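Engineer: In terms of UniProt numbering, the sequence shown opens at residue 1 and continues consecutively.
Using N, Cα and C, we set each Cβ at its ideal position, and we do this for glycine too.
Quick caveat: nothing in here was measured; it's all calculated off a predicted structure.
Mind having a look at this structure? Questions to follow.
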Amino acid sequence: MKNYSKAISLFEQALTLQEKLSPLNHHDLSNTYDIIGITYYNMKNYHNALSFYEKACTIREKYFSNEKSTLATIYNNIAVAYNAIDDHSNALSFCAKTVSIREKNPKEDESSLANIYKSMGLIYHSMQNYSKAIIYYQKAILIEEKILSSDDSSLETTYNNIAVASHCMEDKQNALIFHRKAFVIREKTPSPNDPAIASTCKNIASIYHSMKNYSEANIFYQKALAIQEKILSPNDSSLASTYINIASIHHSMKNYSDAVSFYHKALTILEQTDSPHNSSLGITYNNIAVASHCTEDKQNALIFYRKALVIQEKTLSPTDPEIASTCKSIASIYHSMKNYADTVAFYQKALTILEKTLSSNDATLGTTYNNIAVAYDCMDDKNNALLFYQKSLLIREKILTPHDLLSAPLYSSMASIYSSMNKKTDAVKFYEKSLEIQEASSSPNHSSLYVIHFNTARDYEDLGNYNAAIKHAERSLFHARSAFGSNDGKVQNFQNYIDILRKKL
């Protein structure tokens with residue numbers, strides 16, 4: 001057992017005796033200061049460590065400046081202690097002093113020079129100066145690759161450091177190269193179930209995932225998982241994290257059934273270890289809901305969206321956009337199940353948040369108004385449908401160009417409602433707006449246009465405007481021929497309808 005306090009007591013007794021000697025034995029005194037500094041460092045008492053290191057340094061610089069190697073070691077100790085208290089400037093200053101000595105005789109102690117380069121790399125890394133960190137890691141590598149065996153753990157550590165710094169710079173290719181170099185060494189370890197191997201596999205998998213190389217990502221996540229399942233307890237949070245990563249990979253590959261399976265494995269752990277209102281639990285519920293929705297498993301999608309919503313409403317602010325997003329997802333599922341009352345209820349919940357957090361002209365707001373209108377229309381609540389279509393239209397007319405194709409379906413929907421309310425003048429007005437946009441399209445949708453022209457013709461007929469009715473009936477006939485061919489039964493029906501209209505003139 002390392003009894004540092006007892007060691008300090010004994011060293012200080014020795015120090016008291018040494019300081020009373022006349023003349024002073026500066027060499028022994030310096031060594032004692034240094035040893036006390038090291039002991040304080042091991043106790044994580046970095047300020048006291050620095051105090052004794054600096055006393056040792058003062059003596060060495062004054063009386064033994066020719067002992068360069070020892071001086072370099074003391075400078076390095078001071079640098080490491082400064083780094084431990086996040087004083088990066090002083091840490092780098094003493095690292096530089098060490099390097100200036102070691103670089104003059106690089107062959108004398110190449111291992112120490114490599115270590116100081118690595119220390120400087122770590123300091124720059126902690127300062128988020130990743131390019132500088134890599135420069136010094138690379139200096140260390142040049143030495144280590146010459147003096148160490150190809151499977152030395154120090155070499156693996158430096159490769160890993162370069163990989164991490166490269167990843168921080170979004171240099172995924174180099175991150176991958178050096179993670180894989182580290183992995184080759186780690187795979188040679190006597191213990192095939194080393195947690196460090198699992199960690200490296202996850203790092204490699206994460207990079208492949210970010211590069212959308214899902215098959216390679218899955219391979220390395222599975223390698224990590226094989227180790228973790230052997231060495232971790234069944235409810236370890238790291239295991240849950242890996243299950244979630246694998247689920248995410250399967251989701252990205254549109255393999256939704258496997259995604260749901262791995263999310264459930266993670267969920268089994270999270271529900272045991274997390275509080276019922278933990279945000280990570282809510283995210284997992286949401287992920288299961290999304291994957292279930294993708295497999296058309298609407299019931300489970302609904303169950304897990306609602307579980308996610310319960311947590312979101314307890315952990316997030318009442319106007320958080322995530323709550324609005326979940327409410328919209330729930331509404332969308334209810335709509336697909338033709339449960340329009342609940343559709344409207346959840347869109348309205350989302351709307352309460354969106355109206356407080358978005359600008360009045362935001363496209364998301366316009367889309368939500370439109371979705372509510374569609375649901376009301378399906379419930380045959382024409383007045384509310386029209387009200388929300390109008391709200392959506394106000395936004396779209398402000399943010400879209402006059403002939404944007406996105407506006408056409410909205411005009412058609414409003415026209416249809418006006419027609420059903422026997423407001424034929426308003427109906428033809430909005431049908432004309434929709435047609436003006438669609439007819440100007442470089443690739444008109446003939447199947448849609450023949451229907452809208454026909455509806456417009458019928459409303460003009462009801463208004464007694466037979467010339468306008470014939471004009472639209474003829475356009476309907478044209479689009480029907482374009483969509484279905486001249487021999488289709490619909491074409492003959494439209495021709496008959498035009499003949500009837502002409503007789504009314």
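Less than 8 Å between the CB atoms is what I'm expecting for Y340 and I372, so what's the real figure, rounded?
Structural biologist: The residue you call residue 340 lines up with position 340 of the sequence shown. The residue you call residue 372 lines up with position 372 of the sequence shown. Their Cβ separation, rounded to whole angstroms, is 10 Å, which puts Y340 and I372 out of contact at 8 Å.
Engineer: For K230, which of helix, strand or coil comes out of DSSP?
Structural biologist: As a position in the sequence shown, residue 230 is number 230, starting the count at 1. For K230, the three-state secondary structure derived from DSSP is helix.
Engineer: Quick one: Cα of Y214 to Cα of D171, how far?
Structural biologist: Here the question's residue 214 lines up with position 214 in the sequence shown. Here the question's residue 171 lines up with position 171 in the sequence shown. Spanning the two alpha carbons is a distance of roughly 18 Å.
Engineer: Closer than 7 Å by C-beta to K382: which residues in its own chain qualify, once you throw out the five before and the five after it? Chain order, please.
Structural biologist: For the purposes of this step, residue 382 is taken as the residue at position 382 of the sequence shown. Once the five neighbours on either side are set aside, the close Cβ partners of K382 are I417, S420, M421.
Engineer: Quick check on the DSSP output: what are the complete alpha helix (DSSP H) runs of length 4 or more inside the region 165 to 194, in order along the chain?
Structural biologist: With a minimum length of 4 residues, the continuous alpha helix (DSSP H) runs that stay inside the region 165 to 194 are 172 to 186.
Engineer: Leaving out five residues before and five after E110 in sequence, what residues of the same chain have Cβ atoms less than 6 Å from its Cβ?
Structural biologist: Sequence index remark: in the sequence shown, residue 110 carries index 110 (1-based). So the qualifying residues of the chain are I143, I147.
Engineer: Does DSSP put K423 in a helix, in a strand, or in coil?
Structural biologist: In the sequence shown, counting from the first residue as 1, residue 423 sits at position 423. Residue state, collapsed to three classes: coil.
Engineer: Is DSSP giving E19 helix, strand or coil here?
Structural biologist: The residue labelled residue 19 in the question sits at position 19 within the sequence shown. Helix, per DSSP.
Engineer: Which class does T295 belong to by DSSP, given the choice of helix, strand or coil?
Structural biologist: As a position in the sequence shown, residue 295 is number 295, starting the count at 1. Coil at T295, not helix or strand.
Engineer: Ignoring anything shorter than 4 residues, give me the alpha helix (DSSP H) runs that lie fully in the region 315 to 391, in order along the chain.
Structural biologist: 321 to 336, 340 to 357, 363 to 378
Engineer: So, is R502 buried or exposed, given that buried needs 16 or more other C-beta atoms within 10 angstroms?
Structural biologist: By one-based count along the sequence shown, residue 502 stands at place 502. That one is exposed.
Engineer: Distance check for R396 and D377, CA to CA, integer angstroms please.
Structural biologist: The count along the sequence shown starts at 1 and reaches residue 377 at position 377. The count along the sequence shown starts at 1 and reaches residue 396 at position 396. Cα to Cα, D377 sits roughly 19 Å from R396.
Engineer: In the DSSP assignment, find the alpha helix (DSSP H) that holds I134 and state where it starts and stops.
Structural biologist: Looking up residue 134 in the sequence shown gives position 134. Per DSSP, I134 belongs to the alpha helix (DSSP H) from 130 to 147.
Engineer: May I have a chain-ordered list of the beta strand (DSSP E) segments no shorter than 3 residues that lie completely inside the region 429 to 478?
Structural biologist: The DSSP assignment places no complete run of the beta strand (DSSP E) inside the region 429 to 478 (cut-off: 3 residues).
Engineer: Can you check which of these residues, D151, L176, S150, S149, is closest to L161 by C-alpha distance?
Structural biologist: Reading the sequence shown from its first residue, position 161 is the one you call residue 161. Reading the sequence as shown, one finds Asn at residue 161 and not Leu. Of the candidates D151, L176, S150, S149, the one whose C-alpha sits nearest the C-alpha of N161 is L176.
Engineer: Using the rule of at least 16 other Cβ atoms within 10 Å of the residue's Cβ for burial, across every protein chain shown, is N76 buried or exposed?
Structural biologist: In the sequence shown, the residue the question calls residue 76 occupies position 76. So N76 ends up on the buried side.
Engineer: Give a yes or no on whether the C-beta atoms belonging to Y208 and M169 are separated by under 8 Å.
Structural biologist: The sequence position of residue 208 within the sequence shown is 208, counting from 1. The sequence position of residue 169 within the sequence shown is 169, counting from 1. Contact: no.
Engineer: Using a Cβ-Cβ cut-off of 6 Å (strictly less than) and excluding sequence neighbours within five positions of M1, which residues of its own chain qualify?
Structural biologist: Numbered from 1 along the sequence shown, position 1 holds the residue referred to as residue 1. Low confidence applies to M1: its pLDDT is 47, below 50, so where it sits in the model is not reliable, and the reading given next is rough at best. Once the five neighbours on either side are set aside, M1 has no close Cβ partner at all.
Engineer: Starting from the C-beta of A114, find all residues in its chain whose C-beta is less than 6 Å away, skip the five residues before and the five after it, and write them out in chain order.
Structural biologist: Stepping through the sequence shown from its first residue, residue 114 is reached at position 114. Around A114, the same chain offers A140, I143, E144 as residues with beta carbons nearer than 6 Å, after the five sequence neighbours per side are excluded.
Engineer: Taking 8 Å as the threshold, find out whether the region 329 to 339 comes into contact with the region 354 to 364 through three or more Cβ pairs.
Structural biologist: no
Engineer: So, with DSSP's three-state summary, where would you put N66?
Structural biologist: Here residue 66 corresponds to residue number 66 of the sequence shown, with the count starting at 1. In this structure, N66 counts as coil in the three-state DSSP scheme.
Engineer: For Q228, does the count of other Cβ atoms within 10 angstroms reach 16, so buried, or fall short, so exposed?
Structural biologist: For this step, residue 228 is matched to residue 228 along the sequence shown. Looking at its Cβ environment, which holds 16 or more other Cβ atoms inside 10 Å, Q228 is buried.
Engineer: Can you tell which of T189, Q173, P192, M120 has the C-alpha that lies nearest to the C-alpha of S158?
Structural biologist: Indexing the sequence shown from 1 puts residue 158 at position 158. First, the residue type needs correcting, since residue 158 is Thr and not Ser in the sequence shown. Nearest to T158 by alpha-carbon distance, out of T189, Q173, P192, M120, is M120.
Engineer: Roughly how far, in whole angstroms, is the beta-carbon of H453 from the beta-carbon of S476, given that I think they are within contact range, below 8 Å?
Structural biologist: As a position in the sequence shown, residue 453 is number 453, starting the count at 1. As a position in the sequence shown, residue 476 is number 476, starting the count at 1. About 4 Å; that satisfies the 8 Å criterion.
Engineer: In chain order, which continuous runs of the alpha helix (DSSP H) of length 4 or greater are located wholly inside the UniProt repeat "TPR" (198 to 231)?
Structural biologist: 214 to 231
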